[in-house]
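Notes follow the structure.
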Amino acid sequence: MATRKVEITLICGEYSGEVHAAHLISRLSALLNFSLQGVGGPLLKKERMELIHDYREISVTGLTEVFKKLVSLGRVYSAIKDHIKRTKPSLVVLVDFPGFNLRIAKIAKKEGIPVVYYIPPQLWAWGKWRIKNIKRYVDLVICFFPFEKVFYDFHGVRCTFVGHPYVLTVKPVYERRDFLKEFSIPDTYPIISIFPGSRENEVKRHMPYLRDSIEIIERMFENPFFVIAKASQINVEDIEGYISFRRNLRIVPNFSHDVLYHSDCAILSSGSVTLEAALLGVPSVVLYRLSTISYILGRLLVDVPYVSLPNIVLRKEVFPEFIQHVDPEKIALQVNDMLKKEKKEEMLSLRKDLTDLLRGPGRDPYENAAREIFDFLVERYGPLP
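In terms of my numbering, the sequence shown is residues 6 to 390.
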């Protein structure tokens, strides 16, 4: 290895995975000289990744959505398979996206190439039978949740807990007064933030229900104000098409942590934003809708009582959930309940519990993960160039 440059192939399949992967690669670049190829997006491209394919070609939600992208998935799979066989990289790093990535792990192992799984499959929630594939094809698992390490340790998989990056990164940019001024938001009560989702199909499924909830909440309070957080990959027109002009509503792009932190309550599409809200101490209500077939299959396969991460980690319903059966009136009533003073006090207490659970060794979980990969490569190949 001392005479050969380290070559890393990294595969991610959706936006949140790319965010974590980009931070990881940034930290690893401070420890090691390497070239990087794989499946990523604009964030990884900024970290000097040579894109074999863009992850947006294969990003899917729900089990039935996979069928719509079978051709793209097959094309990208073939390209990565050819790349691994042809270039024999020093390491394959897989980021989440297990349905696709476990097949890539099998290819790498067959070629004698070590595999690190960063953000591993949530086998503790569903698909426990896949543990045999992790044991067979993955050399090191790097996880964000302490209970994941317990799970993988129990099954004899080499695993390390590095801490959850959100403990470090989830914080507002603006002071409240500056945030309200920047986005022309009045200092009223309540300010309710709405996160319809980070994918186009999520926005389409959720906005009709969110629109109806907004109308009901408007009748419950004298001066409510709504802030809709727009993910960077969503067109503003995708949101505006569902809401008539309202003086008491703003669509804010990008500043999701500020939108959450400076709101009194949030309505969230289930996903990583639920953990962000909990770490910021924001009382929230969670909703999510899938296609009917995806929902039925999910009910058969999923083995946890909750879908939002704070509820899963703390093992109780911190945030009320409306999964598939989304009722705008019940959502509005839950928002009213979550705005009570005691709910805010409860959330601030739970925020501390959650932060303590997710804090890893050292200060920077990304740096911890980069060091684990560096040490793994030294263990595998000896001194690195």
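For each residue, glycine too, the CB sits at the ideal point set by N, CA and C.
- At the C-beta level, A113 and I89 come within 8 angstroms of one another.
- Approximately 5 angstroms separates the beta-carbon atoms of F188 and V257; this is inside 8 angstroms, confirming the contact.
- For P195 against D269, the beta-carbon gap comes to about 4 angstroms, under 8 angstroms, which counts as contact.
- When secondary structure is reduced to three states using DSSP, K51 falls in the helix class.
- Following the DSSP letters along the chain, one finds F230 inside the beta strand (DSSP E) bounded by residues F230 to K235.
- Within the model, the alpha-carbon separation for N106 versus L99 is close to 6 angstroms.
- Taking each of F166, G104, L145 and Y171 in turn and checking the Cα distance to H262, the smallest one comes out for Y171.
- In chain order, P201, I244 and Y247 place their CB closer than 7 angstroms to the CB of M212, counting only its own chain and leaving out the 5 sequence neighbours on each side.
- Inter-residue distance for I190 and P325 is about 27 angstroms (C-alpha atoms, whole angstroms).
- Beta bridge pairing from DSSP links L15 with G43 and V98.
- In this structure, the alpha-carbon of L56 lies about 46 angstroms from that of I221.
- Here the alpha carbon of K86 sits roughly 29 angstroms from the alpha carbon of E372.
- Under the three-state reduction of DSSP output, P310 falls in the coil class, being neither helix nor strand.
- Per DSSP, the continuous beta strand (DSSP E) segment holding Y123 begins and ends at V120 to Y123.
- Counted as a single uninterrupted DSSP element, the beta strand (DSSP E) harbouring P258 occupies residues L254 to P258.
- Put simply, the backbone Cα of K73 is about 10 angstroms away from that of I63.
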